[in-house]
Structures are given as C-alpha cells and as structure tokens.
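So for the sequence shown, numbering that gives the first Met the number 0 puts the first residue at 0; every next one is plus one.
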Amino acid sequence: MGEPMRIVLLGTGTPDPRPQRAGSSTYVGVGDAGVVFDLGPGATRNLAIAGIDPISIGHVFFTHLHFDHSADYAHFMLSRWDQGAGAADELSVYGPPPIARMTERLFGRDGAFEPDLLARVNHPMSQQAFRNRGGVMPRGRPQISVQELRIGDVVKTKGWVVRTAHAQHAQPYLTSLAYRIDAQAGSVVISGDTKPLPGMAEFARDAHTLV
C-alpha cells in the first residue's frame with residue numbers, strides 16, 4: 000500500500016466567522032506531495048498550525064466558488080510563492096468555471112494583486128529578502144496553470160488520479176463539483192456542499208474516506 004494518506008480538515012466552517020473554525024478546506028497528503036480541496040478563510044494559517052509546508056502542495060481543487068470555499072486562495076498562493084523563494088513559483092489550479100477568470104483578476108498583469116507582485120519582484124528590499132531565503136535572481140512571477148473542470152473530467156499525475164462528479168448546491172448560479180482522489184495508499188471523496196444524491200453514494204463506493 001505504500002505510505003498512508005494523511006487527511007487534515009483545515010476548515011469545516013460556514014460563511015460567518017467563528018473563533019475556532021475556518022472556512023472549508025481539506026488537505027490530502029499522498030507520499031511527499033499534497034493536494035488541497037478548497038481554500039476557505041483561514042485555511043493557509045491552519046496549514047501552518049498542522050505543520051504542513053505550502054511548498055509541498057502543487058495542486059489545488061475548488062469544489063465551487065462561494066467565498067467560504069475560496070477566499071483564502073490569494074493568501075495561499077501569494078504566501079507560498081513569496082516564502083518559496085523560487086521553489087514554489089508554479090501552482091496547478093482546478094475548479095469549475097469561472098476559476099480561470101477569477102485567477103486572472105487576482106494575479107494577472109492587471110489583477111488585484113499586481114501592485115504587490117510588482118513590489119515583491121522589483122523592490123530592492125524584497126529582492127534582498129528573496130535572496131536571504133535562498134532565491135536566485137532574477138525573481139520570477141507566480142506561474143499558475145488553471146484548468147476548468149466539468150462533470151466526468153479526470154486529472155492524472157504519477158502519484159494519484161482525481162475524478163469529478165456532480166454536486167447539487169447553488170446551481171444555476173454556481174457549478175459545484177465533487178472530487179475523488181485515488182492513490183496506491185487509498186481513496187478519498189470530497190463531496191463539497193451538496194444535498195444527498197444517489198450518484199454521490201455510487202461515486203464514493205469503496206472509498207476509504209468521505210468528507
């Protein structure tokens with residue numbers, strides 16, 4: 000079976016802020032790599048509390064784009080890139096439409112965080128901090144590969160396979176997806192927000208864990 004999967008509930012909260020709960024987010028560790036499903040408010044901080052290095056996470060999947068599942072996207076991406084000092088410039092992001100548009104509006108050349116990115120890439124103080132962390136100039140910008148997914152899509156790497164299924168939540172305004180990650184060590188299903196569905200039970204059949 001190899002190394003067991005590590006599953007960490009980084010957040011199980013609802014849209015209202017609560018002192019002891021973060022927004023929805025689940026970490027699945029497969030060997031020395033990690034995958035995160037959703038990034039609700041507080042998820043990045045809880046990664047640190049759990050002792051999980053964001054640099055080890057190369058793939059992020061969003062079930063849907065309600066803010067309590069996605070508001071920490073910017074914090075995760077920017078802190079991972081900044082602290083990674085060149086080792087975490089690339090990130091693969093998956094989710095339902097319009098995750099590509101959201102990503103461009105956050106991190107693109109005219110995006111919300113362009114002033115921050117320009118300063119961190121070009122200011123001498125930020126460049127020195129980059130070198131102090133082990134980075135080698137010139138400093139690169141984040142490279143985010145975005146793939147919009149639909150029901151029945153499959154994402155494969157050498158260590159795992161992720162499949163998508165229908166989740167019923169906020170349609171027609173938001174598309175909602177469930178995910179199943181299968182690896183040698185086991186299988187985990189992330190339903191996201193959904194009402195009970197016969198298809199979900201079939202999707203999760205024989206999985207070791209259903210979140």
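All residues carry an ideal CB built from backbone N, CA and C; glycine is no exception.
Given a length threshold of 3 residues, each whole run of the beta strand (DSSP E) inside the stretch 76-133 is given here in chain order: 89-94. For the options G22, G139, S125 and R5, the alpha carbon positioned closest to that of T13 is the one of G22. By alpha-carbon distance to Y172, the top candidate from I51, N45 and H65 is H65.
Counting other Cβ atoms within 10 Å of its Cβ, D31 stays below 16 and is therefore classed as exposed.
Beta-bridge analysis with DSSP links T208 to V187.
Residue range A42 to I48 is occupied by the alpha helix (DSSP H) that includes T43.
If you draw a straight line from the Cα of D88 to the Cα of S125, it comes to about 16 angstroms. Ranking A164, R104, P40 and D52 by CA distance to the CA of A200 puts A164 first. Counting C-beta pairs with one atom in each stretch, the stretch 84-102 and the stretch 130-139 have three or more that are closer than 8 angstroms, which means they touch. DSSP places S175 outside both helix and strand once states are collapsed to three, so it counts as coil. With contacts defined by Cβ atoms closer than 8 angstroms, Q167 and L196 form a contacting pair.
In the same chain as G198, and ignoring 5 residues on each side of it, the C-beta atoms closer than 7 angstroms to its own belong to A164 and H165, in chain order.
Bounds of the alpha helix (DSSP H) holding G198 are P197 to F202. Membership of F60 in the beta strand (DSSP E) is indicated by the continuous run I56 to F60.
Taking each of Q146, T156, G185 and G151 in turn and checking the Cα distance to F60, the smallest one comes out for Q146.
S24: member of the beta strand (DSSP E) spanning S24 to V29, first to last residue. Of the other Cβ atoms in all chains shown, fewer than 16 fall within 10 Å of the Cβ of H122; this residue is therefore exposed. Just so you know, the alpha carbons of D205 and G185 end up roughly 10 angstroms apart. By the Cβ test, the stretch 67-84 is in contact with the stretch 125-134, since at least three Cβ pairs between them sit closer than 8 angstroms.
CA-to-CA, the gap between Y93 and D52 works out to about 20 angstroms. Listed as beta-bridge partners of A182 by DSSP are W159 and G185.
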